[in-house]
Each structure stands twice: as structure tokens, then as C-alpha cells.
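So the structure is just underneath, and the comments pick up after that.
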Amino acid sequence: MLLKLVLAFLSVCAISSQILPPTTIRRVRPGPTINTPVGPIQGQEETYDLFRRMYTFKGIRYAQAPIGNLRFRQGVPPPPFQQTFQAWDYGSRCPQFSLLLERYEGDEDCLFLNIATPTNIRSRLPVVVLIHGGGLVMGHGEMGLLGPEHIVHENVIYVSFNYRLNVLGFMNTGDRNSPGNFGFKDMIMALQWVRNNIESFGGNPNDVTILGGSGGAVAVQALVVTPVAAGLFHKAIAQSGSLFNNWAFNRNPISLVQMLVSNLELQVTDNVDLMNQLREVSPERLLRNAGILTDRNPRLFEELSFVASVDAVDSLEPRIFTAPISDLVRTGNINQVPFMIGFNSFESLYAVTDIANDATILERLNQNPHLLVPSEWNLTPGSAEAAQVINVFRQLYFNGSPVITNEMALGFAEYVSDREFIFGVSKMARLHLTRQPIYYFRFSFSGALNLAKRGLGLMDIPGAMHGDDIFYLMRLNRAATPVLPSDEAYTIQRRYVRMWTNFMKYSTPTPTTIDPLIRVIWPPMTSNTEFMEIGQDLTVDSEPFNVRMRTWELFDQLFNP
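Here the sequence shown stands for residues -17 to -1, 1 to 544, numbered as in mature numbering (1 follows the signal peptide of the UniProt record, and there is no 0).
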């Protein structure tokens, strides 16, 4: 599922020259040298859109290379710079498979961060730290293709970074030998670096927002939930992802370790021996044998390989998760900060093209209706409970038909949207509601910048697909102005950026009704589930996808309390 979304995004990038204006001529020259607690760092001055400028600082090491004995362990801070560090180039990406090039890429020495600031550096500016998406198995923090220019223009300092992925970032043997969640521990180290150094760049270490979409949203919720990150951020934004999504959390990580051992054909005596052997295996070979779990449900609702899990009880490192996520949120021992949570209105619209291109998807669903039952509910095939779920879902998405056909493609896409994204986000919002102020949203605008949809040729269907919203927040740097000011998408983009940066500055997306871009107050969510519909206009409503979400919530309370 997520692999298909990434491929769709990459196809958008490949065709951007056909649907957008010519490439911007970008001027870059040496920038200022900043004296920081870790030593002097020189950046660059980048000029874009003819006259706008920002300073960038790239490839700054925030942790030592997690290699050798440091593999599968919490990161270690690096020594200070002994001379001026020229922060002009990105550091290596963390090991992963490039779907565009269909090959392995990256290097284990990958724990670097990047900073972008306004050129009129003032002290105590708000800071946003982006956690990149990619399902915790791919991605990077580079500012090239999708840049932070819109955010920096609103006088917010922007930070991004790499973190360990897949088996190298999330292997959990169930004991202290590899307690898991190293990728999240990398994120905490990056935030610690920001706390200790961002003031030198004009940022306020006491006014930090964490922001992420898809897998990055999963990470944002993880940092909100874990006390280990206490005090490192003060606001949070999670878009189109949740720890409650089935692809984001491993309930049985030891089975993944057993799969890896089998795939590598290792002979091990215990976990100490296992880890000693795994530290000798190349990262490429590790990743090739970690893979995607598809045995239970091939190619339909893929469960990613090594992602988040409950940390080993006897861990010698700080434990990110000490219990299942719902239990942690309900206890209230979390980082209670203002929280923006939301999703796109038609997240899994790509499923329409999936079933058009692969007839076996619906064949397998019709042959085995139990595939409609989420695995996390742990219902026995053929049981009365499973039959109830199947029958209700058939009514809800497929007009009660016992056979799903191609004519039901939109219903199938709605089902996949709810299963893979929307219900998990809805559950996150409802559970966090009693613990912190929540600003809930649904992004539904469809226009010139819905490039994920456009890349799949689905622009005739209303709504926003997974990944569409990012093009309204970030700047696509393979083009000059992606849309003309006369285009409606131009206004939506400016409005979207303004609300997001308002939240970064003021802890609310609409601090005033005077702003002609917005002209409406976005209220915090209450038990009435108020949310902001971000479409052609801004509309406050309640209970997004009410019948669908109530149905999922009822089953989840019955089978996954």
C-alpha cells in the first residue's frame, strides 16, 4: 500500500515538467558562519523566486554513525567541530531501497540534520521540526524537491533530519539485546540537538513544533506519547497517519526477527549470538531479507516489516513505549501539548487504479471475505463475530452485495481509506481529546496542486488523496511558481501555509479573524468532534464521515478494547 503511494508520488515528480512551469533558476552563494555550542557552522544563502532568500545549513551531524557496535543501539552524540563546518551538502540518506531507481541506496552514517532560516535572522523565532514520511522504512530529510520556502517566508525556522529505518531502526528481539524503536530514539536526539543549538540560528528552543505526514505522523504521535521526549517540543501536527494504523505498529516483533533469521539462514544459539552475527551483515543484505510481510494477505493490505513496537521490558535504554498505545494515552502520562490532527478526504483513492490494474485483488476478496476483517481485531475466520464485521462492511461500502465488482471501485477505495488511514487518525484524535487541545481537520480540496491524484490520472474524482496535502504546505522546487495567482489552488496554498504557521507561532491555526486569507475561527475539538473542512472554503463541521467512523469505533471497542 505505502509502496504504491510512494511510486505515485515519484511519478508526479517525473512528470512535473509536463504539468508545471519551467525549472527555477536558483542562485546559491556562501552564507553566514554561525557560532554554536558544537562549533562554527557556515551555511549558504539561497535565492529563489527572483528575489526571495533564505539561509540553509545542510548535513549537520547530530549523532555518531550507528555502525559496528553502535548498530541496534541508542545513538551517541558526536564530538564538537574542531574547525568551521561548511554545511553545504546533505549527508547520506539512511539505508533503504529507492523505488524510483529500484535499487538499494544510503549509508549507515546517516544521522544528519538540515536547517533553513530567514535571512533577517532575529532572535527567538518559532521552530518547526519536520519528521519525514515513508512508513518508517524509507525517506529522508533533504530540502531539495519539496522545500521549506513557504514556511520560512512566514518567519518560522525549519529543521529536518534523517533517522534509522526499517530493520536498522526498529528491530526488537523482545529483550535488552535489541529493545527496538531506535528510529524514534534518533528523533529524540535530533530534538535534543535543536534544544541545545537552535538559539544560535535565531530559533526559540522553548517554541518547537514537530510536524509529520504519513509515517512522519506516526512518529509525531510516538513522540507525543512517550515521556522520553518530554520538554523537547511544545506543539505537534500529525497529518494522515497514526500509531493505530495497521502498517505502523508491530504487535509481535519477535516473529519478524524469526523471519529475518530464517531468510538470512543464520544458525544462532541465543539473542546475544544473534546480534553479534547481525552486526556483521551488510545493511543492504539486512534490508533485502527484512522485506514486506505479505504471506497473510499478499499485495492487498500490506503490513510493513520492522516498524514501531512496545520496547523490551528489560531494556537498558529509555523505553519509548512501555505498553500498548491506547493504554499509554488513557493513563495521561504523555506530553500534553496543542495537537493538530487530520487526514485527506479520500486517502486511498489509488485503490481505484489498483483494482483496474490487478483483477486478482477483488478475486481474492470474494474468495476469502475474511480479508475484510482487520487483523488487529484478531477474529477467527468463520466465526460469528467475523461474519458480523463482513456483513456490516458489505452494507457500508458495497451496497450489501456479497460479491465486490469493478463497478464498486469507489466503495472499495473508501474502505481501504478507512482501514489504512482514516479510522486510525480518528481514533488518535478521540483518545487524545481528553488529554490535550486538539485541532482536527479534513483536507478535501482538489485542484492544480493535488499532484498525487494527478499523477494517477484521478482528477475527475472529488477529494484529496494521500500525499496531496504536502504540495500545499511545501514548495515544489522543480518549478518556478507551480500555479498562477489567479488559480484557486494558489489561494488554498497560501491559506494552508498561513494556518499551519499560525499554529507554529500561536498554538492555534486561527488566532484572529482579521486575516483576509482565513476569516473563520477554527475551534478546538470537543466531544462533538468539531473539525475544519479545508476545501474550496473553510467550514467548521462535526463528525467527519460519521456513519463510517462510528461503525469502525463500535467494532474496535468490541474486539480491540
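We put the beta carbon where it would ideally sit given N, CA and C, even for glycine.
Which class does residue i belong to by DSSP, given the choice of helix, strand or coil?
{"i": "Asp310", "result": "helix"}
{"i": "Glu390", "result": "helix"}
{"i": "Phe424", "result": "strand"}
{"i": "Leu108", "result": "strand"}
{"i": "Asp297", "result": "coil"}
{"i": "residue 550", "result": "The structure shown has nothing for residue 550, since the chain only spans -17 to 544."}
{"i": "residue 551", "result": "Nothing about residue 551 can be read from this structure; the chain reaches only from -17 to 544."}
{"i": "residue 548", "result": "Given a span of -17 to 544 for the chain in the structure shown, any question on residue 548 remains unanswerable."}
{"i": "Gln69", "result": "strand"}
{"i": "Asn316", "result": "coil"}
{"i": "Met170", "result": "helix"}
{"i": "Pro4", "result": "Since pLDDT at Pro4 reaches only 39, below the 50 mark, its modelled position is unreliable, and the value read off the structure follows with that caveat. Coil at Pro4, not helix or strand."}
{"i": "Phe232", "result": "strand"}
{"i": "Ala291", "result": "strand"}
{"i": "Gly440", "result": "coil"}
{"i": "Leu434", "result": "helix"}
With distances taken from CA atoms, which of the options is nearest residue i?
{"i": "Arg461", "options": "Leu128, Val21, Ser469", "result": "Leu128"}
{"i": "Met37", "options": "Gln25, Gly14, Ala48", "result": "Gly14"}
{"i": "Ala273", "options": "Ser288, Glu263, Val264", "result": "Ser288"}
{"i": "Tyr45", "options": "Phe34, Arg54, Pro60, Arg56", "result": "Pro60"}
{"i": "Leu53", "options": "Phe64, Asp72, Phe165", "result": "Phe165"}
{"i": "Pro63", "options": "Gln79, Ile43, Leu243, Ile453", "result": "Ile43"}
{"i": "Leu432", "options": "Ser309, Ala472, Ala412", "result": "Ala472"}
{"i": "Thr100", "options": "Leu119, Leu174, Glu182", "result": "Glu182"}
{"i": "Asp32", "options": "Leu459, Gly407, Arg377", "result": "Leu459"}
{"i": "Thr314", "options": "Arg437, Glu390, Pro210", "result": "Pro210"}
{"i": "Gly26", "options": "Pro20, Val11, Arg35", "result": "Val11"}
{"i": "Thr534", "options": "Phe326, Ser409, Leu174", "result": "Ser409"}
{"i": "Arg86", "options": "Ala219, Leu299, Arg271, Pro544", "result": "Arg271"}
{"i": "Asn511", "options": "Val201, Asp72, Pro527", "result": "Pro527"}
{"i": "Gln540", "options": "Leu206, Val264, Ser309", "result": "Ser309"}
{"i": "Asn543", "options": "Met126, Arg178, Leu354, Trp360", "result": "Trp360"}
{"i": "Met121", "options": "Arg147, Leu108, Arg107", "result": "Arg147"}
{"i": "Ile517", "options": "Leu537, Val530, Pro492, Thr509", "result": "Pro492"}
{"i": "Leu261", "options": "Leu311, Asn160, Thr343", "result": "Asn160"}
{"i": "Leu269", "options": "Leu151, Val290, Asp297, Leu379", "result": "Leu151"}
Between which two residues does the beta strand (DSSP E) holding residue i run?
{"i": "Phe329", "result": "Premise fails: Phe329 is in no beta strand (DSSP E) and is neither H nor E."}
{"i": "Val466", "result": "Note, Val466: premise wrong, no beta strand (DSSP E); not H, not E."}
{"i": "Phe144", "result": "140 to 144"}
From residue i to residue j, what does the alpha carbon distance come to, in whole angstroms?
{"i": "Asn155", "j": "Thr192", "result": "29 Å"}
{"i": "residue 547", "j": "Asn235", "result": "The question about residue 547 has no answer here: the residues shown for the chain are numbered -17 through 544."}
{"i": "Val112", "j": "Val386", "result": "46 Å"}
{"i": "Asp92", "j": "Ser331", "result": "34 Å"}
{"i": "Asp294", "j": "Gly163", "result": "6 Å"}
{"i": "Pro281", "j": "Thr39", "result": "Any reading at Pro281 is ruled out, since the residue's pLDDT is 39, under 50, leaving its predicted position unreliable."}
{"i": "Val139", "j": "Ala70", "result": "20 Å"}
{"i": "Thr417", "j": "Asn318", "result": "13 Å"}
{"i": "Ala306", "j": "Ser238", "result": "18 Å"}
{"i": "Pro468", "j": "Arg477", "result": "10 Å"}
{"i": "Ala339", "j": "Asp443", "result": "16 Å"}
{"i": "Glu248", "j": "Asn259", "result": "15 Å"}
{"i": "Phe322", "j": "Ala219", "result": "5 Å"}
{"i": "Glu263", "j": "Ser400", "result": "40 Å"}
Taking DSSP's pairing of strands, which residues face residue i in a bridge?
{"i": "Val523", "result": "Met515"}
{"i": "Thr39", "result": "Gln27, Ala99"}
{"i": "Ala79", "result": "Reading off the sequence shown, one finds Gln at residue 79, where the question assumed Ala. For Gln79, which the question treats as bridged, DSSP gives the partners Glu88."}
{"i": "Gln419", "result": "Per DSSP, none; premise fails for Gln419."}
{"i": "Thr19", "result": "Gly22"}
{"i": "Met323", "result": "Ile220, Tyr422"}
{"i": "Arg10", "result": "Thr30"}
{"i": "Pro162", "result": "Asn155"}
Grab the span of the alpha helix (DSSP H) containing residue i for me, first residue to last.
{"i": "residue 545", "result": "Absent from the model: residue 545. The displayed extent of the chain is -17 to 544, so no value can be given."}
{"i": "Val335", "result": "334 to 340"}
{"i": "Pro266", "result": "266 to 273"}
{"i": "Gly152", "result": "149 to 153"}
{"i": "Thr52", "result": "In the sequence on display, residue 52 carries Asn and not Thr. Run containing Asn52: none; DSSP gives neither H nor E here."}
{"i": "Gln57", "result": "Careful: Gln57 lies outside any alpha helix (DSSP H) and carries neither H nor E."}
{"i": "Arg377", "result": "367 to 381"}
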